[in-house]
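Novice: I'd like to ask some things about the structure below.
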Ligand SMILES: [Mg+2]
Ligand SMILES: [Zn+2]
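In the numbering used here, the protein residues as written are 1101 to 1331.
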C-alpha cells in the first residue's frame, strides 16, 4: 500500500456510521381514516398529525445507542393536492415539539414528494427515491456518511421492508399484529429481519441486536483476559 504524501484517506474509506431509517406514517404518527374518500392515508392537516405513544422515548433510546436517526418517507400528498409544503413543514414542527418531551433527536428527514400520477405536474415522475426505491437511503448515506450494511430500516409497509432489504439494511416490520404472513412472503426482498408491535419495541430489538453483535465482537478479548488471569 502506498502511504506516500499524496495518499489521502478519503471519507469514503472510513467505516460509515450506523443509522436507523424510519418510515413516518404508521410508525411515528397515526394513520388517518379520511371518511370523505374512504381511505386510510397520511394526515392531511396539522390537527390530524398525532405522534404515536412512546415514539419520543423510542427515538431517544436510538440516540443513546449512538445511532443516526433518519426519517425516509414517501409523501405524495402535495403531488395529489391533499396538502401543501407549508403543512408538511408544520407536521415536522409538531414532530420536533413532541420529541422534546424525551429530549430525543431526529438527525435528518428525507421526503419523496413525487408520484407517477401526480396532479401537480412538477412532481409527476417515476423517481428513484419513492420506496421501494432506495434513493432516499443512498442519498442519506452519502450526505451523512452512513453505512447501509450496518443500519436498520423500520416501517409498517412492505415497500419499507423491500427498500431496506434492497439497500442491505436489517429490516423491522412494525405492525399491530404479528407478521404471520411474513413467512409466506416471497421473494426474499419482502421478508423482514424482525417484527415489532410498535417503534418502542423496535428500538428494544435494535438494542439487543447491537448487544449480540458486540458480544460476538468482544469474544476474542475475553479469551485474552482469561489467559492473562490464569498466568
Ligand atoms: Mg408507513
Ligand atoms: Zn421521489
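Even glycine gets a Cβ: it sits at the ideal position worked out from N, Cα and C.
Sort out for me which residues DSSP pairs residue 1184 with in a bridge.
Specialist: According to DSSP, residue 1184 bridges with nothing at all.
Novice: Any heavy atom of ligand 2 closer than 7 Å to the beta-carbon of residue 1160?
Specialist: no
Novice: Can you have a look at residue 1296 and say buried or exposed, based on whether 16 or more other CB atoms are within 10 angstroms of its CB?
Specialist: buried
Novice: Keeping to the same chain, check which residues put their C-beta closer than 6 Å to that of residue 1191; ignore five residues upstream and five downstream.
Specialist: 1149
Novice: Go through its chain and collect everything with a Cβ distance to residue 1142's Cβ below 6 Å, but skip five positions before and after it.
Specialist: Contacts found: 1125 and 1177.
Novice: For ligand 1, is there a heavy atom less than 7 Å away from the beta-carbon of residue 1254?
Specialist: no
Novice: How many whole angstroms separate the CB atoms of residue 1299 and residue 1254, which I take to be in contact at a CB cut-off of 8 Å?
Specialist: 7 Å between Cβ atoms; contact.
Novice: Could you check whether the region 1165-1172 touches the region 1119-1133, counting it as contact only if at least three pairs of C-beta atoms, one from each stretch, sit closer than 8 Å?
Specialist: yes
Novice: Quick one: residues in its chain with C-beta nearer than 8 Å to the C-beta of residue 1316, no 5 flanking neighbours on either side, listed in chain order?
Specialist: none
Novice: DSSP on residue 1270, reduced to helix/strand/coil?
Specialist: strand
Novice: Is the distance from the Cβ of residue 1175 to the Cβ of residue 1212 below 8 Å?
Specialist: yes
Novice: Using the three-state DSSP reduction, which class does residue 1192 fall into: helix, strand or coil?
Specialist: In this structure, DSSP gives residue 1192 a helical state, which the three-state scheme calls helix.
Novice: Is it the case that the CB of residue 1140 approaches a heavy atom of ligand 1 more closely than 7 Å?
Specialist: Checking every heavy atom of ligand 1 against the Cβ of residue 1140, none is found closer than 7 Å.
Novice: Please give the ranges of any beta strand (DSSP E) in the region 1225-1266, keeping only runs that are unbroken, at least 3 residues long and fully inside the region.
Specialist: 1252-1255
Novice: Where do the ends of the alpha helix (DSSP H) carrying residue 1158 lie?
Specialist: 1155-1164
Novice: Taking 7 Å as the line, does the beta carbon of residue 1182 fall inside it for any heavy atom of ligand 2?
Specialist: no
Novice: Between residue 1208 and residue 1232, is the Cβ-Cβ spacing less than 8 Å?
Specialist: no
Novice: Relative to ligand 2, is the shortest distance from any of its heavy atoms to the C-beta of residue 1266 smaller than 7 Å?
Specialist: no
Novice: Have a look at 1287, 1166, 1136 and 1151 and flag the residue whose alpha-carbon is nearest the alpha-carbon of residue 1252.
Specialist: 1166
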